[in-house]
Amino acid sequence: MKRTISVLGGDMRQVCLAGLLIEDGWDVMTWGLEQGVGPNQVPLNQVLAAELLVLPLPVCRAGLLNLPLTDTALSAEQLWPRLRYDQLLLGGMTGELSARLMADFGLTLLDYYSREEIQITNAIPTAEGAIQLAMEATDQTIHASECLVVGYGRIGKLLAERLMALGASVTVSARRYADLAWIHARGFRGLQTGSLTGELDRFDLIFNTVPAPVLDASGLRETKESCVILDLASAPGSVDLEAAKRLGRRAIPALGLPGKVAPRSAAAAIRDSIYHILEERGEPI
704 MKRTISVLGG DMRQVCLAGL LIEDGWDVMT WGLEQGVGPN QVPLNQVLAA
754 ELLVLPLPVC RAGLLNLPLT DTALSAEQLW PRLRYDQLLL GGMTGELSAR
804 LMADFGLTLL DYYSREEIQI TNAIPTAEGA IQLAMEATDQ TIHASECLVV
854 GYGRIGKLLA ERLMALGASV TVSARRYADL AWIHARGFRG LQTGSLTGEL
904 DRFDLIFNTV PAPVLDASGL RETKESCVIL DLASAPGSVD LEAAKRLGRR
954 AIPALGLPGK VAPRSAAAAI RDSIYHILEE RGEPI
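In this note's numbering, the protein residues as written are 704 to 988.
Here it is in structure tokens:
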């Protein structure tokens with residue numbers, strides 16, 4: 704017997720997710736995805752009746768459910784009382800919302816985006832998307848370019864490897880000595896993230912992955928006028944965009960790349976994370 708699952712709102716990742724779930728044999732209903740031509744669109748009351756409900760990534764923006772693919776607005780505080788305690792809600796970047804929904808409404812909301820496996824999988828389209836943006840933004844090849852990757856986390860690791868594979872000269876910065884040891888072991892040049900002053904003037908491309916202040920006005924002033932800077936860090940980012948504009952530097956905020964450059968791959972990562980959650984709960988898939 705098919706299980707019913709509803710996909711409520713979100714972007715093209717959720718549209719693709721609905722399609723993947725249908726391919727897997729689920730009975731899928733969608734709402735709030737009409738501008739992305741989401742499959743099996745039904746009225747809101749019907750979509751809210753499903754036993755499993757997939758919410759957007761992130762779930763809310765400014766108190767509203769995240770609904771970029773519809774002109775309809777839906778207040779999150781009006782939504783929660785309409786749901787049942789026996790439903791399982793699955794959302795992305797839930798933050799403190801999960802605990803509050805359990806305390807105030809008895810609702811179970813689990814975060815499919817907080818799991819390590821989806822973070823690793825999402826780093827792949829982020830790295831590829833960053834290179835795509837870099838290619839579009841510069842007038843030279845990645846090959847033979849001097850590239851700086853700030854941060855050696857999931858994205859930094861994959862991005863540095865791909866840049867080197869394209870023939871770039873790659874420098875990676877990190878704060879921890881253990882990371883710097885790995886950076887050198889992988890054949891990259893290493894720098895301390897806190898000691899970039901005096902080093903920035905030779906790079907053609909700078910990719911920031913660190914969610915902390917990294918490039919302020921003084922650092923940007925040190926970069927070449929032709930340098931392209933891509934800020935991949937979470938909002939509000941780590942590059943002073945206003946200072947970059949004043950100094951005539953091209954700084955590009957590049958958030959949410961998986962959903963923009965590879966929504967189907969990003970959707971597959973969400974689907975797999977959901978399946979892992981259900982498996983761990985002992986629920987059928």
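Beta carbons: idealized from backbone N, C-alpha and C, even for Gly.
Residues of the same chain with a CB within less than 6 Å of the CB of V718, apart from the 5 flanking positions on each side, are L736, G739, G741 in chain order.
About 4 Å separates the Cβ atoms of V853 and N911, confirming a contact at the 8 Å cut-off. For P761, the CB contacts under 7 Å within the same chain, skipping 5 residues up- and downstream, are N769, G795, M796 in chain order. I858 and A830 have their C-alpha atoms some 6 Å from each other. Check the Cα spacing between R706 and each of T811, L791, P771: the tightest is with L791. Between the alpha carbons of L747 and V757 lies a gap of roughly 13 Å. When rounded, the separation of the alpha-carbon atoms in R785 and E819 is 31 Å. Going by C-alpha positions, L869 is about 14 Å away from G832. Rounded to whole angstroms, the separation of the alpha carbons of K927 and P966 is 34 Å. Taking 3 residues as the minimum length, the beta strand (DSSP E) runs contained wholly in the stretch 862-894 are 872-877, in order along the chain.
Beyond the five residues adjoining it in sequence on each side, M867 comes within less than 6 Å, by CB distance, of V873 in the same chain, given in chain order. Less than 9 Å separates the beta-carbon of G893 from that of L883. When V710, G722, R974, D934 are compared, the shortest CA-CA separation from A837 is found for D934. Counting along the chain, S968 sits inside the alpha helix (DSSP H) bounded by residues 966-983.
Looking at the DSSP output, C850 sits in a beta bridge with V873, L908.
DSSP, read as helix, strand or coil, puts G722 in helix. A straight-line Cα-Cα distance of about 15 Å links A936 and L851.
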